[in-house]
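Sequential numbering of the sequence shown, starting at 1415, is according to our numbering.
Glycine included, C-beta positions come from ideal geometry on N, C-alpha and C.
In this text, all values refer to a predicted model and were calculated from it rather than measured experimentally.
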Amino acid sequence: MSETDSTPDDVYDTIDRLYDDPDAKIAALQDIRPSVEDVAGQGTVFKALGNEDRLRVLEVLRQSECCGCELQVVLDAPQSTVATHLRKLKAAGLVKSRKKGKWSYYRIADTAVFELLDLARAVGEDA
């Protein structure tokens, strides 16, 4: 299995051998079909990452935790717009929040977010 390949080579070999038996090939393909839940979760993350303002928020949060009012300054946007972006980032599991008095502070939920951002940057440079 190569470094960029997430499916074992033997699965492809098995599928190739099954061309003569369409029913067996269908069964083999059904075995490797991603679950609806997995794909839905990935879709939620990529939809959240598909907005430049939300990417800006994540890049700022890479540096430090920020309150919502600070993110308003970063985005030069009203509170309602920033709140919508933060709600989508939270729903995707990309950021977490905590309350301190009347302020809400936001931070990256998992450092894997940085890997996603860095990979997107690297892929985008090649485009």
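Exposed or buried, residue i, counting other C-beta atoms within 10 Å across all chains shown (16 or more means buried)?
| i | result |
| --- | --- |
| ASP1450 | It is Val, not Asp, that sits at residue 1450 in the sequence shown. When all chains shown are included, VAL1450 counts as exposed. |
| LYS1461 | exposed |
| ARG1468 | buried |
| LYS1502 | buried |
| GLU1417 | In this prediction, GLU1417 has a pLDDT of 47, which is less than 50 and means its spatial position is unreliable; what the coordinates show is noted afterwards. Exposed, because fewer than 16 other Cβ atoms sit within 10 Å of the Cβ of GLU1417. |
| MET1415 | The pLDDT assigned to MET1415 is 40, lower than 50, so where the model puts this residue is not dependable, and the model offers no usable value. |
| LEU1533 | exposed |
| ALA1505 | exposed |
| VAL1537 | exposed |
Per the DSSP calculation, residue i is bridged to which residue(s)?
| i | result |
| --- | --- |
| ILE1522 | VAL1509 |
| LYS1514 | TRP1517 |
How far does the alpha helix (DSSP H) with residue i in it reach, from first residue to last?
| i | result |
| --- | --- |
| GLY1482 | 1482-1489 |
| GLU1466 | 1466-1477 |
| THR1448 | This sequence places Pro at residue 1448; Thr is not what is there. Neither: PRO1448 is in no alpha helix (DSSP H) and is coded neither H nor E. |
Hey, out of the options, whose CA is closest to residue i's CA?
| i | options | result |
| --- | --- | --- |
| ASP1524 | LEU1508, GLY1464, GLU1484, HIS1499 | LEU1508 |
| LEU1531 | ALA1438, LEU1463, ASP1452 | LEU1463 |
| GLU1479 | SER1511, ASN1465, GLN1456, LYS1502 | SER1511 |
| GLY1515 | GLY1482, GLU1539, VAL1488 | GLY1482 |
| VAL1474 | ASN1465, GLU1466, LEU1485 | LEU1485 |
So, at 8 Å on beta carbons, what are the nonlocal neighbours of residue i in its own chain, with the 5 sequence-adjacent residues on each side left out?
| i | result |
| --- | --- |
| ALA1544 | In the structure as shown, the chain begins at 1415 and stops at 1541. Residue 1544 is therefore absent and cannot be evaluated. |
| ASP1452 | none |
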